[in-house]
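Structure record follows, encoded as structure tokens.
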Amino acid sequence: MEVAGLRKAFGELEVLRGIDFSVARGEVVCVIGPSGSGKSTLLRCVNLLEEPSAGRVTVAGTEVTDPDVDIDRVRRRIGMVFQAFNLFPHLNALENLTIAQRRVLGRDRAEAERIARANLERVGLSDKAAAYPAQLSGGQQQRVAIARALSMDPELMLFDEPTSALDPELVGDVLAVMRALAQDGMTMLVVTHEMSFAREVADRVVFMDGGVIVEEGTPEQVVGAPQHERTRTFLARVLDPAAAEVGEVADSGAAGKRVDR
Ligand SMILES: Nc1ncnc2c1ncn2[C@@H]1O[C@H](COP(=O)(O)OP(=O)(O)OP(=O)(O)O)[C@@H](O)[C@H]1O
Ligand SMILES: [Mg+2]
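Mapping of the sequence shown onto the UniProt record's numbering: residues 1 to 261, in sequence order.
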């Protein structure tokens with residue numbers, strides 16, 4: 001995936017002010033940054049849930065921002081997992097995984113179910129195929145949402161704070177699924193406040209503030225030894241809200257802690 005000169009304004013408000021970066025095949029890139037910095041807007045521009053004001057986005061060789069592009073075809077190749085799970089409440093887990101495979105990809109029921117079951121197993125929920133969303137915990141629903149995205153054979157997975165709506169004890173299972181996906185070679189762009197996940201799993205971390213990329217590099221560089229004051233201030237706040245009050249800055253010791261929001 002490649003983003004070049006990406007800009008997005010809502011009326012007068014410039015939310016993305018020239019974003020350039022790329023994610024190589026099989027790479028995991030985590031995007032961090034304060035609330036309102038444009039992280040979700042960036043992800044939404046990648047699959048054209050928002051139309052960029054300027055710039056180019058290319059995914060797997062197709063220019064998404066080409067006016068003539070078949071956007072449904074592009075979106076099919078991009079899995080998106082949001083903070084809210086957006087499962088169909090009237091369909092059980094298996095049906096939530098098969099419906100788009102059948103309607104969008106035209107798979108027959110047997111094939112769609114075979115793929116769905118394989119992906120439920122992949123997220124550790126093979127015993128929940130018949131369960132309805134209301135019968136599942138938040139963490140289980142999020143894992144169903146991940147399995148649903150995987151069932152479409154995505155070339156790129158976008159995650160927008162997939163664990164931030166979850167009770168703390170449910171976060172680990174979802175992160176474990178994401179970690180396994182990364183190890184399997186999935187290309188992933190992940191907006192997250194989970195610094196321990198970013199440090200362990202990300203190949204690169206991008207820090208955004210005010211609609212620009214302030215710095216990017218390996219987790220050791222960006223989280224462990226940030227070069228910019230804005231990055232240090234943000235990390236101090238995320239890693240230790242109490243310390244930030246008295247103006248302390250995150251050191252590499254503090255950066256290993258789990259983050260609660
Ligand atoms: N559809 C919209 N119309 C107008 N303004 C919007 C719209 N979507 C986002 N914004 C504004 O764009 C800015 C960036 O929003 P965005 O959701 O991308 O931030 P974020 O970095 O994801 O923040 P958070 O960490 O809180 O999720 C915010 O000021 C927001 O109010
Ligand atoms: Mg957001």
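For every residue, glycine included, the Cβ atom is placed at its ideal position computed from N, Cα and C.
With distances taken from CA atoms, which of the options is nearest residue i?
i	options	result
residue 172	64, 226 and 195	195
residue 143	168, 154 and 128	128
residue 165	72, 81, 16 and 65	81
residue 148	42, 168, 31 and 123	123
residue 193	139, 184, 40 and 238	238
residue 185	14, 25, 13 and 9	25
residue 138	169, 71, 29 and 222	169
residue 14	150, 30, 48 and 54	54
residue 136	217, 48, 18 and 85	85
residue 202	16, 18, 28 and 10	28
residue 151	62, 17 and 105	105
residue 72	182, 100, 35 and 90	100
residue 52	161, 68 and 17	17
residue 158	10, 49 and 65	49
residue 191	226, 153 and 163	163
Assign residue i to one of three DSSP states: helix, strand, or coil.
i	result
residue 63	strand
residue 98	helix
residue 79	strand
residue 52	coil
residue 72	helix
residue 127	helix
residue 42	helix
residue 186	coil
residue 216	strand
residue 178	helix
residue 164	coil
residue 36	coil
residue 88	coil
residue 152	coil
residue 2	strand
residue 260	In this prediction, residue 260 has a pLDDT of 41, which is less than 50 and means its spatial position is unreliable; what the coordinates show is noted afterwards. Coil.
residue 104	coil
residue 173	helix
residue 58	strand
residue 137	coil
residue 223	helix
residue 238	helix
residue 144	helix
residue 205	strand
residue 14	strand
For residue i, is the beta carbon positioned less than 7 Å from some heavy atom of ligand 2?
i	result
residue 190	no
residue 51	no
residue 160	yes
Can you find a heavy atom of ligand 4 that lies under 7 Å from the Cβ of residue i?
i	result
residue 40	With respect to ligand 4, the structure offers nothing, as its ligand set consists of ligand 1 and ligand 2.
Spatial neighbours of residue i within its chain, please: CB distance less than 8 Å, with the 5 preceding and 5 following residues excluded, ordered by chain position.
i	result
residue 1	22, 23, 46, 57, 58, 59, 60, 156, 187 and 189
residue 20	3, 4, 5, 6 and 213
residue 12	none
residue 37	208, 209, 210 and 211
residue 113	94 and 98
residue 102	108, 109 and 112
Ordered along the chain, which non-local residues of its own chain (more than five positions away) have a Cβ less than 6 Å from that of residue i?
i	result
residue 110	none
residue 197	175
residue 132	92
residue 75	47
residue 180	none
Note down, in chain order, each residue of its chain lying with its Cβ closer than 7 Å to the Cβ of residue i, except the 5 sequence neighbours on either side.
i	result
residue 228	214 and 215
residue 33	39, 207, 208, 209 and 234
residue 96	87, 88, 144 and 148
residue 231	207, 214, 215 and 222
residue 146	81, 123 and 177
residue 219	198, 199, 202 and 205
residue 140	125 and 128
residue 62	69 and 74
Compute the minimum distance between the beta carbon of residue i and the heavy atoms of ligand 1, and state whether it is under 7 Å.
i	result
residue 212	no
residue 55	no
residue 18	no
residue 166	no
residue 10	yes
residue 15	yes
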